Amino acid sequence: MSKLNLLIVCTLFSVFGLFPLSVSAQSKFNADYPIFESIADVDKIIVDLTSALKIDELLVKVSGDQTLTAQNRAIVQQQLTALFPRKIKNHAVLIERESGEGFREKIDVFWADKQYLFTQTITHQRDDGVIVMEFKVNTSLSQIKPYF
Numbered sequence: 000m001s002k003l004n005l006l007i008v009c010t011l012f013s014v015f016g017l018f019p020l021s022v023s024a025q026s027k028f029n030a031d032y033p034i035f036e037s038i039a040d041v042d043k044i045i046v047d048l049t050s051a052l053k054i055d056e057l058l059v060k061v062s063g064d065q066t067l068t069a070q071n072r073a074i075v076q077q078q079l080t081a082l083f084p085r086k087i088k089n090h091a092v093l094i095e096r097e098s099g100e101g102f103r104e105k106i107d108v109f110w111a112d113k114q115y116l117f118t119q120t121i122t123h124q125r126d127d128g129v130i131v132m133e134f135k136v137n138t139s140l141s142q143i144k145p146y147f
């Protein structure tokens, strides 16, 4: 198990969207998280991999996730593919705010037909680069927005 010691929560949902999908990665802050050169790099990875429905890869890239097993990532990936059979082409920034001292919170929305996928990201710009302090993916805005 890595020093990153991430808390990962996966809530199963039905193919019909009756129960929301929720994946959350929250870091215990230490020197082992991935460091990005810029906020633009973080945003690009999130948009590109979410649009391509590569959530399993995204979790590893933004959080250095060593605790979520490949099997659990495969389950999440399979469920997302059932909801979104093709690449997601629609994206918008729903909410973005900078809190000062390099901290930023952001909610992105991705959609295809009548299905929506939301991501929430909390980042910190430090002298050595940008870290993702918290990242969430959910099919329900009400599960993401109360935290914003």
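Letter by letter, the sequence shown follows residues 0 to 147 in numbering that gives the first Met the number 0. Ideal Cβ placement from N, Cα and C applies to all residues, glycine included. This one's a predicted model, so the numbers in the text were calculated from it and none came from an experiment.
Does the beta-carbon of residue i, which I'm using as the reference point, lie nearer than 8 Å to any heavy atom of the ligand GDP?
i: Met132; result: The model depicted lacks the ligand GDP and carries no ligand whatsoever.
Figure out for me which residue from the options has the closest Cα to the Cα of residue i.
i: Leu116; options: Ile34, Gln70, Ala81; result: Ala81
i: Lys53; options: Met132, Phe83, Val92, Ile121; result: Phe83
i: Ile143; options: Phe102, Lys113, Asn71, Ile106; result: Ile106
i: His90; options: Ile38, Lys43, Thr122, Ala69; result: Lys43
i: Ile45; options: Ser141, Leu140, Phe134, Ser139; result: Phe134
i: Glu104; options: Trp110, Ile87, His123; result: His123
i: Ser139; options: Gln114, Thr120, Ile121; result: Gln114
i: Glu97; options: Thr49, Thr120, Trp110, Asp112; result: Thr120
i: Ala170; options: Gly99, Ile87, Gly101, Pro145; result: Here the chain covers residues 0 to 147 and nothing more, so residue 170 does not appear.
i: Val108; options: Pro33, Gln78, Asp47; result: Asp47
Using the DSSP secondary-structure output, state which residues sit across from residue i in a beta bridge.
i: Glu36; result: Partner(s): none; Glu36 has no beta bridge.
i: Ala111; result: Gln114
i: Val129; result: Phe35, Gln124
i: Arg72; result: Partner(s): none; Arg72 has no beta bridge.
i: Phe102; result: Gly99, His123
On the DSSP letters alone, give me the boundaries of the alpha helix (DSSP H) that residue i sits inside.
i: Glu56; result: 54-62
Since residue i is in the beta strand (DSSP E), which residue starts that stretch and which ends it?
i: Leu140; result: Taken as a continuous stretch (DSSP letters only), Leu140 belongs to no beta strand (DSSP E), being part of the alpha helix (DSSP H) at 140-143.
i: Arg96; result: 89-99
Any contact of the segment 32-43 with the segment 116-134, i.e. 3+ C-beta pairs under 8 Å? yes
Quick one: any contact between the segment 55-63 and the segment 91-98, if contact means 3 or more CB pairs under 8 Å? no
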